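What follows is a short report on a single structure.
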Amino acid sequence: LRYHTHWGTQALCDQFLRDYGYIGIFEIAKQVTNRCLTCQKVNKKVMRRTPPGGRSIASRPFENIQIDFTELPKVNRWKYLLVIVDQLTHWVEATPVARAAANVVAKVLLEEIIPRYGLVNSINSDRGTHFSSRVIQTVTANLGIKWELHTPWHPQSSGRVERMNQTIKQTLTKLMLETQLSWVKCLPLALLRIRTKPRTDTGLSPYEMLFGMPYLATNRGQDTYGIDKNIRTYVQTMAKRLQYMREQGMIAQSTSLNFKIHQLNPGDWVLIKTW
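Position in the sequence shown counted from 1, then plus 1184, gives you the working numbering.
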């Protein structure tokens, strides 16, 4: 059908699915369409603007993180939140601090994040002095952590953690209105709501992607976490489930500009359209 009609991918799929059903038909039709030399020679090539580059792909939790300070109304000595977001799972850690300083960042990383989640591979942040100072850069360099400072005047570079800052503030405001408590008291419940909310891109919550199981909010599902009599089977099942969930997180990440997206290599013959 393809070589008789030279239809595009979507038209082929629509025609095929009128009479048949097949999982993965779109990818097959796309491959067949791309192999047609006649269409490559004749069809107009739509040149799209190069999309913005992403970061290196994270394959495990807290391999790559984004970090930022956000200011809140002062409660006792607490005036800031140090917000840390994992690139793979979108799990968030938020620590109340009295001031935005480099030694505070080093303390949280060394005493909370690294002991809890393992050594971080890279950290992304803006160019604030609390992140670019010699103190924190020396500490992370000695640990082998790569610290990537974002482009000045380009807030999109910190998009994930900036959005998380807004989400935290909105969630805290709602809880404060409901409970009449301070944001410091409401913070644990706010983080719970954020961590257990399903993501729009994967359909999984950060909690599920980190622990491999849904958050148990009631006692009605006590058997949900029941361990199989054969502990080896249970561990293997959990490992497969975690691998699947984290693969979904990898798919949702934007790739860096040097990420290979095709099978072409230097020296391969290709068609070049000149008219």
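Cβ atoms here follow ideal geometry from the backbone N, Cα and C, with glycine treated the same way.
These figures come from a predicted structure and were not determined experimentally.
For the alpha helix (DSSP H) that contains L1389, what are its first and last residues? Checking the sequence shown, residue 1389 turns out to be Ser, not Leu. Neither: S1389 is in no alpha helix (DSSP H) and is coded neither H nor E.
Taking the straight line between their C-alpha atoms, what separation do you get for G1302 and L1294? 10 Å
Pull the bridge partners of P1280 from the DSSP assignment, please. L1265
With three or more beta-carbon pairs closer than 8 Å as the criterion, would you say the region 1262-1277 touches the region 1215-1227? no
Measuring CA to CA, which of L1426, G1192, Y1391 and G1312 is closest to T1222? G1192
Among Y1204, S1316 and L1359, which has the Cα closest to the Cα of L1373? L1359
With C-beta atoms as the reference, is Y1264 less than 9 Å away from A1290? no
Over what stretch of residues does the beta strand (DSSP E) that includes P1257 continue unbroken? N1248 to V1259
Report buried or exposed for I1249, applying the criterion of at least 16 other Cβ atoms within 10 angstroms of its Cβ. buried
Rounded to a whole number of angstroms, what is the C-alpha to C-alpha distance between S1240 and S1309? 15 Å
Alpha carbons only, please: which of T1386, Q1194, P1299 and P1390 is nearest the one belonging to L1376? P1390
Would you say I1297 and V1304 are within 9 Å of each other, going by their C-beta atoms? yes
Determine the DSSP secondary structure at I1320, reduced to helix, strand or coil. Here I1320 sits in helix by DSSP.
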